[in-house]
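Chemist: Residue numbers 0 to 318, in numbering that gives the first Met the number 0, belong to the letters of the sequence shown in order. No residue lacks a Cβ here, since even glycine has one placed at the ideal position from N, Cα and C. Note that the structure is predicted; figures quoted are calculated from it, not measured. I am attaching a structure below and will ask some questions about it afterwards.
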Amino acid sequence: MNPLADLIREQIQHNGPLAFRRFMEMALYQPEHGYYTRRRDPFGRAGDFYTAEQLQPVFGILIAAIFRRLRQERGAGTFVVVELGAGRGELEPYLAEFGYAAVDVNRGALAESIHGAILANEFFDALPVDLCVYRDECWRMRDVDVDGERFRFRDGAPARKALTEYLERYGPQQPAEGTLAEVNLAAIEWIGKIGARLHGTLLIIDYGYTRRELLRFTEGTLMSYRKHQASADVLADPGERDITAHVNFTALEQHALSCGFRRLRFESMTATLLAAGEADQFAEALAGDQTERSRRTLQLKNLLFGLGESFRTLLLAKD
Ligand SMILES: C[S@@+](CC[C@H](N)C(=O)[O-])C[C@H]1O[C@@H](n2cnc3c(N)ncnc32)[C@H](O)[C@@H]1O
């Protein structure tokens, strides 16, 4: 019994194969049954995956240190922190001094004008993407069709102009026959929206690649997560599992530059967190009695040597 699968199947039977972006949008955000919209907590041990935000208090303390430094560099004036895709809002207690505001699906809205900073931690990888395949020297859509009870991919029409332009700018160079690539137009739109509203810094933390590194991802980067198991089968059990696409950092950065941002840093999350803890040698992050200190030391190790090596930080500023 999967009511969302039934709904998607019906749509396909009526209207023909669905663009993958639409499938992902329904799987994650369909108002009643979507993975992130239904009442269920996907994060942490009892859920499907961990993010750095569950490693508290260490992550919160280090992120607050980053924003304190940025506020100091900015000098006098308002400095608020808005978190885009805030999930459980676990950073709130650590960022309260910045008048923390959370924005998520059905919660909060991006203010018209923000003086300070926007944080997007694992936000861009959760946006619905189009999927394209390179066939006979042309990019075509990968659509979702039904095969009995199951969903399966099939090649569709040639990709529309906006998608081919994105792929020409940021996609695989000299793609081989059968190469798969995602197009995250929603990410581009968000960068434009943020650029129009933010006076300050945008801190993006996510896993992803640069255009050059796309050589390693000829099968695309879509992944699904359920109960801490990763799977490449992103069409199974819509609404029951998370679906992600690695972030194309070249696309984010290049588009941000065209919107008036400048790049301050692009590095591993480990490097960012090491710099954040440098000033007090991690004293605040590791404070507490012996038990607490051991707990926090484990969190820090996990952040620096586990998650931190695969996650990256892109820090952009706009005055
Ligand atoms: C992988 S979760 C990360 C949550 C949190 N930042 C963390 O790291 O634990 C992605 C979050 O982005 C949110 N999101 C996706 N699309 C969004 C949109 N258009 N506007 C606001 N939030 C969105 C999802 O609802 C989800 O909470």
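How should residue 131 be labelled, buried or exposed, when 16 other C-beta atoms within 10 angstroms of its C-beta is the threshold for buried?
Modeler: Mapped onto the sequence shown, residue 131 falls at position 132. Counting Cβ neighbours within 10 Å, residue 131 comes out buried, since at least 16 surround it.
Chemist: Going straight from the alpha carbon of residue 229 to that of residue 177, what length do you get?
Modeler: For the purposes of this step, residue 229 is taken as residue 230 along the sequence shown, with counting starting at 1. For the purposes of this step, residue 177 is taken as residue 178 along the sequence shown, with counting starting at 1. Whole-angstrom Cα-Cα distance: 23 Å.
Chemist: Nearest by alpha-carbon distance to residue 203: which of 111, 268 and 182 is it?
Modeler: Taking the sequence shown and counting its residues from 1, one reaches residue 203 at position 204. Among 111, 268 and 182, the Cα nearest to that of residue 203 belongs to 268.
Chemist: Look up residue 18 in the DSSP assignment and give the residues it is bridged to.
Modeler: For the purposes of this step, residue 18 is taken as residue 19 along the sequence shown, with counting starting at 1. Per DSSP, 142.
Chemist: Could you spell out where the beta strand (DSSP E) holding residue 257 opens and where it closes?
Modeler: For the purposes of this step, residue 257 is taken as the residue at position 258 of the sequence shown. Per DSSP, residue 257 belongs to no beta strand (DSSP E); it is in the alpha helix (DSSP H), 248 to 257.
Chemist: Look at the alpha carbon of residue 248 and the alpha carbon of residue 221, and state the distance between them as a whole number of angstroms.
Modeler: One-based indexing of the sequence shown puts residue 248 at position 249. One-based indexing of the sequence shown puts residue 221 at position 222. Their backbone Cα atoms lie some 16 Å apart in a straight line.
Chemist: Between residue 201 and residue 116, what straight-line distance do the alpha-carbon atoms span, to the nearest angstrom?
Modeler: Mapped onto the sequence shown, residue 201 falls at position 202. Mapped onto the sequence shown, residue 116 falls at position 117. If you take the alpha carbons of residue 201 and residue 116, they lie about 6 Å apart.
Chemist: Counting along the chain, where does the beta strand (DSSP E) carrying residue 102 start and finish?
Modeler: If you number the sequence shown from 1, residue 102 lands on position 103. 100 to 102 is the extent of the beta strand (DSSP E) around residue 102.
Chemist: With a threshold of 8 Å, establish whether the CB of residue 233 neighbours any heavy atom of ligand 3.
Modeler: Absence of ligand 3 from the depicted structure is noted, with ligand 1 being the only ligands included.
Chemist: Work out the CA separation of residue 66 and residue 284 for me, nearest whole Å.
Modeler: Counted from its first residue, the sequence shown places residue 284 at position 285. Counted from its first residue, the sequence shown places residue 66 at position 67. Going by the C-alpha atoms only, they are around 15 Å apart.
Chemist: According to DSSP, simplified to helix, strand and coil, what is residue 298?
Modeler: Taking the sequence shown and counting its residues from 1, the one referred to as residue 298 is at position 299. Looking at residue 298 - three-state DSSP - the assignment turns out to be helix.
Chemist: Quick one: residues in its chain with C-beta nearer than 6 Å to the C-beta of residue 22, no 5 flanking neighbours on either side, listed in chain order?
Modeler: By 1-based counting over the sequence shown, the position of residue 22 is 23. Excluding residues within five positions, the ones whose Cβ falls inside 6 Å are 143.
Chemist: Three or more C-beta pairs closer than 8 Å, one from the region 21 to 36 and one from the region 235 to 251: is that the case here?
Modeler: Contact holds: three or more Cβ-Cβ distances are below 8 Å.
Chemist: Are the CB atoms of residue 109 and residue 62 within a distance shorter than 9 Å?
Modeler: The count along the sequence shown starts at 1 and reaches residue 62 at position 63. The count along the sequence shown starts at 1 and reaches residue 109 at position 110. In this structure, residue 109 does not lie closer than 9 Å to residue 62 by Cβ.
Chemist: Taking 8 Å as the line, does the beta carbon of residue 96 fall inside it for any heavy atom of ligand 1?
Modeler: Within the sequence shown, numbered from 1, the residue matching residue 96 stands at position 97. Incorrect: residue 96 has no Cβ contact closer than 8 Å to ligand 1.
Chemist: Measure the beta-carbon distance from residue 78 to residue 70 and round it to whole angstroms, keeping in mind my assumption that it falls under 8 Å.
Modeler: Here residue 78 refers to the residue found at position 79 when the sequence shown is read from its first residue. Here residue 70 refers to the residue found at position 71 when the sequence shown is read from its first residue. Yes, residue 78 and residue 70 are in contact; Cβ-Cβ is about 4 Å, under 8 Å.
Chemist: For residue 318, which option in 105, 54 and 259 has the closest C-alpha, if you only look at C-alpha atoms?
Modeler: Residue mapping note: residue 318 aligns to position 319 of the sequence shown, counting from 1. Nearest of 105, 54 and 259 to residue 318, Cα basis: 259.
Chemist: Within a Cβ cutoff of 7 Å, which residues of the same chain sit near residue 182, ignoring the five residues on either side of it in sequence?
Modeler: For the purposes of this step, residue 182 is taken as the residue at position 183 of the sequence shown. For residue 182, where only same-chain residues beyond five positions count, the Cβ hits under 7 Å are 128, 129, 131, 162, 165 and 166.
Chemist: Is residue 124 close to ligand 1? I mean its beta-carbon at under 8 Å from any heavy atom of the ligand.
Modeler: For the purposes of this step, residue 124 is taken as residue 125 along the sequence shown, with counting starting at 1. Yes, the beta carbon of residue 124 sits closer than 8 Å to at least one heavy atom of ligand 1.
Chemist: For residue 60, which residues in the same chain have their Cβ closer than 7 Å to its Cβ, ignoring the five residues on either side in sequence?
Modeler: Indexing the sequence shown from 1 puts residue 60 at position 61. Excluding positions up to five away in sequence, the list reads 93, 283 and 284.
Chemist: Does the beta-carbon of residue 290 have 16 or more other beta-carbons within 10 angstroms, so that it is buried, or is it exposed?
Modeler: Numbered from 1 along the sequence shown, position 291 holds the residue referred to as residue 290. Under this definition residue 290 is an exposed residue.
Chemist: My output table needs one value for residue 35: the three-state DSSP class, helix, strand or coil.
Modeler: Taking the first residue of the sequence shown as 1, we reach residue 35 at position 36. Coil at residue 35, not helix or strand.
Chemist: Considering only DSSP beta bridges, list what residue 114 is partnered with.
Modeler: Residue 114 sits at position 115 when you count from the first residue of the sequence shown. DSSP output for residue 114 lists 198 as bridge partner(s).
Chemist: With which residues is residue 205 paired in a DSSP beta bridge?
Modeler: Within the sequence shown, numbered from 1, the residue matching residue 205 stands at position 206. Answer is 311, bridged to residue 205.
Chemist: Which of the three DSSP states, helix, strand or coil, is assigned to residue 89?
Modeler: Counted from its first residue, the sequence shown places residue 89 at position 90. Here residue 89 sits in coil by DSSP.
Chemist: Ordered along the chain, which non-local residues of its own chain (more than five positions away) have a Cβ less than 6 Å from that of residue 271?
Modeler: Counted from its first residue, the sequence shown places residue 271 at position 272. Answer for residue 271: 312, listed in chain order.
Chemist: Is the beta carbon of residue 311 within less than 8 Å of some heavy atom of ligand 1?
Modeler: As a working mapping, residue 311 is identified with position 312 in the sequence shown. Flag unset: Cβ of residue 311 not near ligand 1.
Chemist: Under a Cβ-count criterion, where at least 16 other Cβ atoms within 10 Å of its own Cβ denotes burial, should residue 136 be classed as buried or exposed?
Modeler: Looking up residue 136 in the sequence shown gives position 137. Label assigned to residue 136: exposed.
Chemist: Please find out if some non-hydrogen atom of ligand 1 comes closer than 8 Å to the beta-carbon of residue 241.
Modeler: As a working note, residue 241 is residue 242 in the sequence shown. Yes, the beta carbon of residue 241 sits closer than 8 Å to at least one heavy atom of ligand 1.
Chemist: Taking the Cβ atom as the reference point for each residue, do residue 102 and residue 81 lie within a distance shorter than 9 Å?
Modeler: Locating residue 102 in the sequence shown gives position 103, where the first residue counts as 1. Locating residue 81 in the sequence shown gives position 82, where the first residue counts as 1. In contact: residue 102 and residue 81 (Cβ atoms closer than 9 Å).
Chemist: Which value, in whole angstroms, describes the spacing of the CA atoms of residue 49 and residue 91?
Modeler: Reading the sequence shown from its first residue, position 50 is the one you call residue 49. Reading the sequence shown from its first residue, position 92 is the one you call residue 91. Roughly 18 Å separates the two Cα atoms.
Chemist: Given residue 114, which residues of its chain have a CB within under 7 Å of its CB, disregarding the five upstream and five downstream residues?
Modeler: Working through the sequence shown from its first residue, we reach residue 114 at position 115. Cβ within range, chain order: 76, 77, 78, 79, 198 and 199.
Chemist: If you reduce the DSSP assignment to three classes, tell me which class residue 77 lands in.
Modeler: Here residue 77 corresponds to residue number 78 of the sequence shown, with the count starting at 1. In the structure shown, residue 77 sits in coil (DSSP, three-state: anything other than H, G, I, E or B).
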